[in-house]
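**Q** Dropping a structure here in structure tokens format, bear with me for questions.
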Ligand SMILES: Cc1cc2nc3c(=O)[nH]c(=O)nc-3n(C[C@H](O)[C@H](O)[C@H](O)COP(=O)(O)OP(=O)(O)OC[C@H]3O[C@@H](n4cnc5c(N)ncnc54)[C@H](O)[C@@H]3O)c2cc1C
């Protein structure tokens, strides 16, 4: 399959307009909340105002008495007996015995208007017995912390730990103690990161309909409609095939829309309301209180280094909470990513997952990797400074490359970290002079990327144009990229290929657009499907010319006789073949389904220059550079967009984003006014360099590019702030009050 | 909910005085409508002031000051060259409110009457010595801006009273003002600290000054001790330090999701010094 054509592409590497662009800028694109149906009802959700409380009683009689109210559901309306993650999902969709976090859904109402539904939600009387709560990961592990759900821990957890500690992981290789003994400098530090939200602009929204026969349909904003189907079916106890789920356009997901939060509520309300369609749209506050942010983390790192910068050993211990259910935190991924950039002979990883009274964490762009990078890349920077070494040269000296046994086990195939470091070192931003109170920070980052279950169909039209059906919702321009690859393969113009994201009934199971897989996996499958169609078109031409199919070759969008011996026939274009296909054997299509392996990891290096106001602790980002290996940039503008978007989110996480809980365990900053994601004027134009070290596992060399970019900003900013102020911040966010306090502490001590 | 669009101040006041439920005047609506949508306040009577003749005008007063109608938007103030030249600090406070879209609507009167301790235009108005024209069932009176706020979300306006206009005094020679706020981001955020300074110079020294601080107490505060710290000085480092001490002493901030009390006390001193320097430069004509 490997094919390393570095030039000679017609379409790959060009930057045409995206097919969804016109609809999006004119407002025609239909998002989750944009669909309505005759007889439709509107839903509202009753949410717990307590971080942890026993639900004593729910009385919906007043709500049901309100004119216009058609249904109220509580946990009693859902089936019992679920286990494992299905139970977690059901419990998170609608609380059972206890509300486990501020904003946890306890009931839902459907009414003829949204206002009536909201009024009715206020009339649902819930009697709570408030319980002690805990939201901090370290506090949740400590003796005496309130127990969130006894018996959740799996067999991995050592004896004697608090019942909130539910999982223990350890792995490594080599002999870390010998490695530390061989080092000239050994340093250990502890770090903390706060939970952050994906901050997608479009709130969760769906419209669902379900009859008494359990057959249902749903229109929903999601990254993965087969996941929505499977999870909703499990929560409601119905067959997956009874549900048909169609994805809307999507206004951002970043991992947070790969799971369910309220979709089964819409289905259950519809069923209870006699099958009338129900629309359920979250407010921003509901999104922040009750959908999955990422985990918060508390981390210890120890590194051993020789005087020349060679890493001899590394040991990490991470503690993460991902809400009140087991398996939601990305502690395993964080451990695996922590040292993935480096070739270290002796490594040891340990981690704990801890329950806390916070919303159930969901995936967020390179789950786990940014926290891990914050800890490891910060300590690495400290040690480079202590030894007077150039932090980029030290990263290059220790860089993982093809053949390196990775810190998490497998041996790397062809990867592009060295090339990314070299491109960074050659970039002009490194020469920019720095003034007073300014500093530069660098950091590297990693993400595995993913292949996953993929099913794609392609059909030739009667006029020779091509329709590709994919199951991966388009978040970052994947329809454009898949059209480019299909057009490249078939030798036809980009404009002659239309890529549609189709519903669950139209293809085999597809995993969501997650793990940076859509352009890789759906793209790979589309190319295979195109090759099948191409072979069939060659057969049709051969039949008409009455020659051997092997004597026909495909090029420039047409079948050609393969050589002078094959016969003298004028080329037969895809349009001619399409026009005749009804009579030449029937419709021509291609189909490919695969659990795609062969995905290639993407490494990146970031360089940031900041200025810190020494009197207020406020950080201004002056310059920002992202260098990352894309394998191959099919549509470079969308690759750059991913790099810039990842950096922007990472900068927000580093500087100002955080979940602020009151002493009562309630989330205080539930709107974007106070949940401070960066605004456009906070950021400079983010410079990008696309490194292309083709992935041998993809026909055009694609690696995923969506996630790595959020990883380096956290430590890069910490390192830059240290360079600017001399103050080392080891806990996020590095908000002005914290930076000012750190500057003062340094001056005082 | 009843929406009214009166065509005179008298009619607006009559509607307000006669209303019995929750009543809101509607200037730009950038607080009222947001609170309505969020389910925080659902008025029974909404009295739109934008259609009243004169309320959207900026006029020079006979004494050389300014009268800014209650429905004049931030964007309109920003385009008014003579106003910007006289009172750049008042204008920049208002111009910090929200975004381009919000600027097309938001007003000084609304910012003041919404009653936020962090309202961005208020310290600048207080420092400038601005007064408001208040009309109610009992007639019209003029009140200093600092007399209006009573606490978070509360004003001292009596039932049925509305603000017709904001009055700015004549700037005079060698005067300058400035407003600075601290937010962690660059826009679309609420002031963690705000400081307005207005001063005049005579013979190179500060002859008169007013200093107001925002977001560090239940209402915007006028701090006479801070003014005293710089009057009679050339605004040297010692004066700036004394100014910082004075505003820090006057501030009684709380710790909340937007910042800690300690941080606010620190930063109010820093911003007071910086705002005073800008006002001083403007007074000298260096950067009006
Ligand atoms: C996105 C966004 C960003 C914002 N950013 C900021 C910011 O940075 N800084 C800041 O300070 N504010 C900010 N605000 C709040 C708001 O824009 C300001 O307070 C604005 O100045 C309010 O003016 P308005 O004319 O829109 O007031 P309205 O919403 O019309 O009224 C506000 C209040 O004042 C009363 N009122 C209005 N006019 C009169 C009158 N003439 N007489 C008596 N009472 C009256 C109303 O009844 C209401 O209670 C922001 C708002 C939004 C939506």
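Chains as they are written, first to last, in this note's numbering: chain A, 1 to 749; chain B, 1001 to 1288. Beta carbons are placed, not taken as given, at the ideal position from N, Cα and C, and that holds for glycine.
Determine, for residue 1187/B, whether the minimum Cβ-Cβ distance to residues of chain A falls below 8 Å.
**A** The count along the second chain starts at 1 and reaches residue 1187/B at position 187. Closer than 8 Å to some Cβ of chain A, the Cβ of residue 1187/B qualifies, so yes.
**Q** Among 531/A, 554/A, 720/A, 346/A, whose alpha-carbon lies nearest the alpha-carbon of residue 606/A?
**A** For the purposes of this step, residue 606/A is taken as residue 606 along the first chain, with counting starting at 1. Of the candidates 531/A, 554/A, 720/A, 346/A, the one whose C-alpha sits nearest the C-alpha of residue 606/A is 720/A.
**Q** How many Å lie between residue 169/A and residue 354/A at the Cα?
**A** Counting from one through the first chain, the residue named residue 169/A turns up at place 169. Counting from one through the first chain, the residue named residue 354/A turns up at place 354. Spanning the two alpha carbons is a distance of roughly 12 Å.
**Q** Measuring only between beta-carbons, confirm whether residue 740/A sits less than 8 Å from chain B.
**A** Within the first chain, the letter at position 740 stands for residue 740/A. Cβ-Cβ to chain B under 8 Å: yes for residue 740/A.
**Q** Is there a Cβ from chain B that is less than 8 Å from the Cβ of residue 48/A?
**A** In the first chain, the residue the question calls residue 48/A occupies position 48. No, residue 48/A lies away from the interface with chain B (no Cβ there is under 8 Å from its Cβ).
**Q** Helix, strand or coil: how does DSSP classify residue 357/A here?
**A** Taking the first chain and counting its residues from 1, one reaches residue 357/A at position 357. Residue state, collapsed to three classes: coil.
**Q** From this set, 34/A, 469/A, 407/A, 660/A, which residue's C-alpha is nearest residue 1257/B's C-alpha?
**A** In the second chain, counting from the first residue as 1, residue 1257/B sits at position 257. Cα-wise, what sits closest to residue 1257/B is 660/A.
**Q** When the Cα atoms are used, what is the spatial distance from residue 1159/B to residue 1045/B?
**A** On the second chain, residue 1159/B is found 159 positions in, with the first residue counted as 1. On the second chain, residue 1045/B is found 45 positions in, with the first residue counted as 1. Approximately 13 Å between the Cα atoms of the pair.
**Q** Need the endpoints of the beta strand (DSSP E) that residue 168/A sits in, please.
**A** For the purposes of this step, residue 168/A is identified with residue 168 of the first chain, where counting begins at 1. Run containing residue 168/A: 165–173, per the beta strand (DSSP E) assignment.
**Q** Starting from the C-beta of residue 744/A, find all residues in its chain whose C-beta is less than 6 Å away, skip the five residues before and the five after it, and write them out in chain order.
**A** The residue given as residue 744/A occupies position 744 in the first chain. Within the same chain, residue 744/A has no close Cβ partners at all.
**Q** Name, please, each residue of chain A whose Cβ falls closer than 8 Å to the Cβ of residue 1257/B.
**A** Sequence index remark: in the second chain, residue 1257/B carries index 257 (1-based). What residue 1257/B touches in chain A: 660, 668, 669, 674.
**Q** How should residue 181/A be labelled, buried or exposed, when 16 other C-beta atoms within 10 angstroms of its C-beta is the threshold for buried?
**A** Within the first chain, residue 181/A is the residue found at index 181, counting from 1. Counting Cβ neighbours within 10 Å, residue 181/A comes out exposed, since fewer than 16 surround it.
**Q** How is residue 1126/B classed by DSSP in three states: helix, strand or coil?
**A** As a working mapping, residue 1126/B is identified with position 126 in the second chain. In the structure shown, residue 1126/B sits in a helix (DSSP, three-state: H, G or I).
**Q** Quick one: list the residues of chain A neighbouring residue 1184/B, beta-carbon separation under 8 Å, in chain order.
**A** Here residue 1184/B is taken as the residue at index 184 of the second chain, counted from 1. Ordered by position in chain A, the residues that pass the 8 Å Cβ test against residue 1184/B are 618, 655, 656, 676, 735, 736.
**Q** Going along chain A, which residues have a C-beta under 7 Å from residue 1268/B?
**A** Taking the second chain and counting its residues from 1, the one referred to as residue 1268/B is at position 268. By Cβ distance, chain A contributes nothing, its closest Cβ being about 11 Å from residue 1268/B, past 7 Å.
**Q** Residue 1028/B and residue 1130/B: beta carbons closer than 8 Å?
**A** For the purposes of this step, residue 1028/B is taken as residue 28 along the second chain, with counting starting at 1. For the purposes of this step, residue 1130/B is taken as residue 130 along the second chain, with counting starting at 1. It is not a contact, given that the beta carbons lie outside the stated cut-off.
**Q** Below 8 Å, can you find three or more Cβ-Cβ pairs linking the segment 387–397 of chain A to the segment 570–578 of chain A?
**A** No contact exists between the segment 387–397 of chain A and the segment 570–578 of chain A.
**Q** Okay, do the segment 683–694 of chain A and the segment 416–427 of chain A touch, 3+ Cβ pairs below 8 Å being the bar?
**A** The answer is yes - the segment 416–427 of chain A touches the segment 683–694 of chain A, with three or more Cβ pairs under 8 Å.
**Q** Going along chain A, which residues have a C-beta under 8 Å from residue 1260/B?
**A** As a first step, residue 1260/B is located in the second chain; it is residue number 260 there, counting from the start. Result: 737.
**Q** Under 7 Å from any heavy atom of ligand 1, does the C-beta of residue 1097/B make it?
**A** For the purposes of this step, residue 1097/B is taken as residue 97 along the second chain, with counting starting at 1. At least one heavy atom of ligand 1 is nearer than 7 Å to the Cβ of residue 1097/B, so yes.
**Q** If contact means a Cβ-Cβ distance below 8 Å, which residues of the segment 675–694 of chain A contact chain D?
**A** Considering every chain present, this structure includes no chain D. Its protein chains are A and B.
**Q** Strictly below 7 Å CB to CB, what residues from chain B border residue 615/A?
**A** As a position in the first chain, residue 615/A is number 615, starting the count at 1. Residues of chain B passing the Cβ test: 1270.
**Q** Using the rule of at least 16 other Cβ atoms within 10 Å of the residue's Cβ for burial, across every protein chain shown, is residue 115/A buried or exposed?
**A** Locating residue 115/A in the first chain gives position 115, counting from the first residue. The residue in question, residue 115/A, is exposed, as its Cβ has fewer than 16 Cβ neighbours within 10 Å.
**Q** State yes or no: is the C-beta of residue 1197/B within less than 8 Å of the C-beta of residue 1127/B?
**A** Counting from one through the second chain, the residue named residue 1197/B turns up at place 197. Counting from one through the second chain, the residue named residue 1127/B turns up at place 127. Yes; because the gap between Cβ atoms is below 8 Å, this pair is in contact.
**Q** Check the C-beta distance from residue 1047/B over to residue 1009/B and give it rounded, since I have them as a contact under 8 Å.
**A** As a first step, residue 1047/B is located in the second chain; it is residue number 47 there, counting from the start. As a first step, residue 1009/B is located in the second chain; it is residue number 9 there, counting from the start. That belief does not hold up - the Cβ atoms of residue 1047/B and residue 1009/B are roughly 11 Å apart, past 8 Å.
**Q** Under 8 Å by Cβ, that's how I've got residue 671/A and residue 226/A pegged, so tell me the actual separation to the nearest angstrom.
**A** Within the first chain, residue 671/A is the residue found at index 671, counting from 1. Within the first chain, residue 226/A is the residue found at index 226, counting from 1. Rounded, the Cβ-Cβ distance is 32 Å, inconsistent with contact.
**Q** Ligand 1 and residue 1139/B: does the residue's C-beta get closer than 7 Å to at least one heavy atom of that ligand?
**A** Here residue 1139/B refers to the residue found at position 139 of the second chain. No, since every heavy atom of ligand 1 falls outside the 7 Å radius drawn around the Cβ of residue 1139/B.
**Q** Given a cut-off of 8 Å, decide if residue 295/A and residue 252/A are closer than it, judged by their beta-carbon atoms.
**A** Here residue 252/A refers to the residue found at position 252 of the first chain. Here residue 295/A refers to the residue found at position 295 of the first chain. No. Outside cutoff.
**Q** Using the Cβ count rule (16 or more neighbours within 10 Å means buried), how would you classify residue 649/A?
**A** Taking the first residue of the first chain as 1, we reach residue 649/A at position 649. Buried, since its Cβ has 16 or more Cβ neighbours within 10 Å.
**Q** Provide the residue(s) that pair with residue 59/A in DSSP beta bridges, ordered along the chain.
**A** For this step, residue 59/A is matched to residue 59 along the first chain. Answer by DSSP bridge pairing, in chain order: 125/A.
**Q** Quick one: which chain A residues come within Cβ less than 7 Å of residue 1190/B?
**A** One-based indexing of the second chain puts residue 1190/B at position 190. Near residue 1190/B (Cβ distances below 7 Å), the residues of chain A are 673.
**Q** For residue 254/A, is the beta carbon positioned less than 7 Å from some heavy atom of ligand 1?
**A** If you number the first chain from 1, residue 254/A lands on position 254. Residue 254/A Cβ: outside cutoff for every heavy atom of ligand 1.
**Q** In whole angstroms, what is the alpha-carbon distance linking residue 55/A and residue 96/A?
**A** Here the question's residue 55/A lines up with position 55 in the first chain. Here the question's residue 96/A lines up with position 96 in the first chain. Taking the straight line from one Cα to the other gives about 8 Å.
**Q** For residue 638/A, which three-state DSSP category applies?
**A** For the purposes of this step, residue 638/A is identified with residue 638 of the first chain, where counting begins at 1. It is helical.
**Q** Touch check for the segment 219–233 of chain A and the segment 470–480 of chain A: three-plus C-beta pairs under 8 Å?
**A** Yes, since at least three Cβ pairs between the segment 219–233 of chain A and the segment 470–480 of chain A fall closer than 8 Å, the two stretches touch.
**Q** So is residue 1263/B in contact with chain A if we call contact Cβ pairs under 8 Å?
**A** Translated into positions along the second chain, residue 1263/B becomes position 263. So, interface residue.
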